[in-house]
Structure formats: C-alpha cells, structure tokens
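Structure, as structure tokens:
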Amino acid sequence: GPRIHGLARDKAELDEIVITSLQKAGLFNEVKDQLDQPGTSLSGGQQQRLCIARAISVQPEIILMDEPCSALDPIATAKIEELMEELHENFTIIIVTHSMQQAARVSQRTAFFHLGNLIEVNDTNTIFVNPDHKLTQDYISGRYG
C-alpha cells in the first residue's frame with residue numbers, strides 16, 4: 046500500500062491516507078469506530094469498498110475490477126456502481142463483468158471478448174444498440190451465450 050510505495054513518511058501521514066481513501070470509497074462513516082478490526086468482520090459490500098479504498102490509496106491511474114459486484118445484493122451493488130461513477134472522474138476504471146445490464150449502466154466504452162479474442166470495442170450505447178459484429182449481436186440478443 047502507501048507505505049510500500051513511499052507515499053507516507055510516518056504514521057500520521059499513513060493514517061491520513063487511510064481516512065481519505067475510506068472517505069472516497071464511501072466507507073469511513075461505517076467503519077470509523079472499528080478501524081482496528083479485521084476487514085473480514087465487514088459485510089460483502091463493505092469488503093468490496095474496502096478493496097477499492099486500498100486500491101485508490103496508492104493513487105493509481107487505472108483501477109481494474111474483476112466482477113466487482115458478484116455475490117453482492119442489489120443494494121450493495123448499487124453502492125459499488127455509484128462509487129465507480131464517482132471515481133471515474135479521477136481514475137480510469139476497467140471492469141470485467143458477465144452482466145450486460147451492469148456494463149450498460151456503468152460503462153462509457155465496452156469491449157466484447159469471445160474465447161479470449163477481442164471481437165469488438167466501441168461506445169457502450171453502440172455496442173448494445175447497433176453492434177458492428179454478428180457475434181456481438183448474437184450475444185447481446187441472447188442467441189449465443
């Protein structure tokens with residue numbers, strides 16, 4: 046984290062980075078009284094936001110999220126998606142998802158892969174409304190899964 050990357054010279058700076066990252070991840074108010082507890086005591090949605098806080102603490106240019114909402118309930122999913130919307134102002138976010146609905150809700154650009162090959166990449170609206178490739182169209186329309 047921040048200590049390994051040389052972003053904090055002392056405990057006070059590290060504490061400030063932790064608090065700021067938790068705030069940016071929308072988690073600080075929920076965990077401020079349990080900062081000395083293990084993350085495993087948090088709910089699934091809170092654990093996912095903790096992972097995001099850890100990622101943003103080192104100020105990356107790109108955040109890669111692999112199935113960020115799998116196994117989360119709809120409320121926790123909405124919180125993660127809202128957080129992604131907020132964070133995309135300062136970070137490039139790449140998500141891997143099998144949920145076409147989620148891709149349509151949160152993505153500005155979408156890529157469709159099939160068997161490890163990039164089939165198509167375009168604006169999300171174009172991918173879902175007027176894809177260039179038949180394989181993409183078949184997948185979007187449910188004829189191929």
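Letter by letter, the sequence shown follows residues 46 to 190 of my numbering. Here a beta-carbon is modelled for each residue, glycine too, at the ideal position from N, C-alpha and C.
The beta-bridge partner set that DSSP reports for T142 is empty. A residue is called buried when at least 16 other Cβ atoms come within 10 angstroms of its Cβ; A148 meets this threshold and is buried.
With fewer than 16 other beta carbons inside 10 angstroms of its own, T85 counts as exposed.
The DSSP assignment places complete beta strand (DSSP E) segments of no fewer than 3 residues inside the region 116-141 at 137-141, in order along the chain. Contact holds between the region 131-139 and the region 96-108, because three or more Cβ pairs, one in each stretch, are under 8 Å apart.
Residue environment: S66 is assigned as buried (16 or more neighbouring CB atoms within 10 Å of its CB, all protein chains considered).
Looking only at P119, I120 and A100, the smallest Cα-Cα distance to D111 is reached by A100. In this structure, the straight-line span from the alpha carbon of H178 to that of R188 is close to 14 Å. Going by C-alpha positions, M145 is about 21 Å away from E131. Nearest Cα to T169 within the set A156, L160, E126 and K56: A156.
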